[in-house]
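Novice: Numbered according to the working numbering, the sequence shown spans residues 503 to 830. Encoded as structure tokens, here's the structure I'll be asking about.
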Amino acid sequence: MAATPPPAPVAPPPPSAPAPPSAPASPNGGRAPGVAGTAGAPGSPWPWTSHGPPPQPRPGALPETPTEITTRLRPIRDRHPARTAGAVVCVVLGLGLIGGAVTGSWLVDDSAASPASRPLYTDARTLWHSVPVDALFPRTIKGDGAGPGGADRVWTRVAVAPDGPCTGAFDPLLLKALRPVGCVRLLRATYTDATTSSVTTVGMVVTEADRDAMTALRKRFSEEGLDERVDLMPRTYAVPGTVAAGFGDRQRASWTISVLTDAPVVVFAVSGFADGRPVAEAQPAAEAMVPGDTSAPAQAGLGHEAKGIADRVERALRKSATSPERPE
503 MAATPPPAPV APPPPSAPAP PSAPASPNGG RAPGVAGTAG APGSPWPWTS HGPPPQPRPG
563 ALPETPTEIT TRLRPIRDRH PARTAGAVVC VVLGLGLIGG AVTGSWLVDD SAASPASRPL
623 YTDARTLWHS VPVDALFPRT IKGDGAGPGG ADRVWTRVAV APDGPCTGAF DPLLLKALRP
683 VGCVRLLRAT YTDATTSSVT TVGMVVTEAD RDAMTALRKR FSEEGLDERV DLMPRTYAVP
743 GTVAAGFGDR QRASWTISVL TDAPVVVFAV SGFADGRPVA EAQPAAEAMV PGDTSAPAQA
803 GLGHEAKGIA DRVERALRKS ATSPERPE
């Protein structure tokens, strides 16, 4: 029987590593002082707070690089005085254009103007009994640049006619031409110039028409030349005992008629000589205002008289219609 070999020697176990020291006790249940509810890292004696030593980098890890070092910032150039001045000029010009556009909408009477700057259409129809007569027919009218060659004019009111119907105030053909828009009231006044050598009757026909009807009438007057026909010339308002006492049909020398579309009103004016002389051939104001015309109305500036007074009475009408202080 063979002998059994002896067992191989067994190597002694290596000595065990010492246990790590335990964390000091803390009165808040094992947490670091001043950091409530912060857990420590597994296997680490220090909690995740700033009270312990900084964490050591792992073997082989690259050192952390601050972002401030690697971020490339574009250089900021110094402000150039010329650029700053240019920016200021652009801002000023821009504000000026905006202001000019707004101001223009206030001064120009057209559809681009703001609604508040245009007369209320229905209000204009009641102005004849809701505003003072001096608001529609001022006692004195200044016509800066309204005379021949841009000369200044001043007209003084002689008298105001009682308001009334249109019947009998116009020649039959003119009355027929105005019939489509109706006649609520006729308002008239007569003026004289500073030298009392000319007289002018200015008037307003307050119509019953709406905007469409007034637009249609204006178009007809323009296309058919009704405002330049002698047989459609307005009549005068003669005032006994005044410089306009002899101002009748035969003394009519020049006239103008304007059909408004922003108000139910037709504005007209007719002028003549204050000494009562008859005029053989009357001229529309547009013709009598042509430079170099040798007719009697043109030479006397009577076209400028009719047009200048009519334009300013028309402005007074719009001003009264838009005035916030207009009495009700």
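Note that the Cβ used here is the ideal one computed from N, Cα and C, for glycine as well. This structure is a prediction, so every number in the text was calculated from the model and none was measured.
1. Mark Arg754 as exposed unless 16 or more other C-beta atoms lie within 10 angstroms of its C-beta, in which case mark it buried.
2. Let me make sure I understand the geometry here. Which of Thr709, Thr698, Thr703 has the alpha-carbon closest to that of Val745?
3. Could you compute how far the alpha carbon of Gly649 sits from the alpha carbon of Gly803?
4. Taking DSSP as the reference, what is the three-state secondary structure of Phe770?
5. Is Thr796 buried or exposed, if buried means 16 or more other CB atoms sit within 10 Å of its CB?
6. How far does the alpha helix (DSSP H) with Gly810 in it extend, from its first residue to its last?
7. Considering just the uninterrupted stretch of the alpha helix (DSSP H) at Leu675, what are its terminal residues?
8. Could you tell me whether the Cβ atoms of Trp630 and Ile811 are closer together than 7 Å?
9. For the candidate residues Thr694, Val633, Lys721, Arg681, whose alpha-carbon lies nearest to that of Ala808?
10. Starting from Ser724, follow the alpha helix (DSSP H) in both directions and report where the run begins and ends.
11. Please look up how many angstroms separate the CB atoms of Ala776 and Ser700, rounded, as I've assumed it's under 8 Å.
12. What residue does the beta strand (DSSP E) around Tyr739 start on, and which one ends it?
13. From Thr642 to Ala661, what does the alpha carbon distance come to, in whole angstroms?
14. For the beta strand (DSSP E) containing Thr642, list its first residue and its last residue.
Specialist: If we stick to the structure as given:
1. Position 252 of the sequence shown, counting from 1, holds the residue named residue 754. Using a 10 angstroms sphere on the CB of Arg754, the tally of other CB atoms reaches 16 or more, which defines it as buried.
2. For the purposes of this step, residue 745 is taken as the residue at position 243 of the sequence shown. Per the Cα distances, Thr698.
3. Within the sequence shown, residue 649 is the residue found at index 147, counting from 1. Within the sequence shown, residue 803 is the residue found at index 301, counting from 1. Gly649 and Gly803 have their alpha carbons spaced roughly 7 Å apart.
4. One-based indexing of the sequence shown puts residue 770 at position 268. Here DSSP, grouped into helix, strand and coil, assigns Phe770 to strand.
5. Reading the sequence shown from its first residue, position 294 is the one you call residue 796. With fewer than 16 other Cβ atoms within 10 Å, it is exposed.
6. Sequence index remark: in the sequence shown, residue 810 carries index 308 (1-based). Taken as a continuous stretch (DSSP letters only), the alpha helix (DSSP H) holding Gly810 covers 804-824.
7. Locating residue 675 in the sequence shown gives position 173, counting from the first residue. Segment 674-680, the alpha helix (DSSP H) holding Leu675.
8. As a first step, residue 630 is located in the sequence shown; it is residue number 128 there, counting from the start. As a first step, residue 811 is located in the sequence shown; it is residue number 309 there, counting from the start. No, they are not a contact pair.
9. Taking the first residue of the sequence shown as position 1, residue 808 is located at position 306. Nearest C-alpha to Ala808: Thr694.
10. Here residue 724 refers to the residue found at position 222 when the sequence shown is read from its first residue. Element bounds for Ser724: 713-726.
11. For the purposes of this step, residue 776 is taken as the residue at position 274 of the sequence shown. For the purposes of this step, residue 700 is taken as the residue at position 198 of the sequence shown. At roughly 6 Å, the Cβ-Cβ gap stays under 8 Å, so Ala776 and Ser700 are in contact.
12. One-based indexing of the sequence shown puts residue 739 at position 237. Annotation: Tyr739 is outside any beta strand (DSSP E) and is labelled neither H nor E by DSSP.
13. Residue 642 sits at position 140 when you count from the first residue of the sequence shown. Residue 661 sits at position 159 when you count from the first residue of the sequence shown. Cα to Cα, the separation comes out at about 12 Å.
14. Translated into positions along the sequence shown, residue 642 becomes position 140. For Thr642, the enclosing beta strand (DSSP E) covers residues 642-645.
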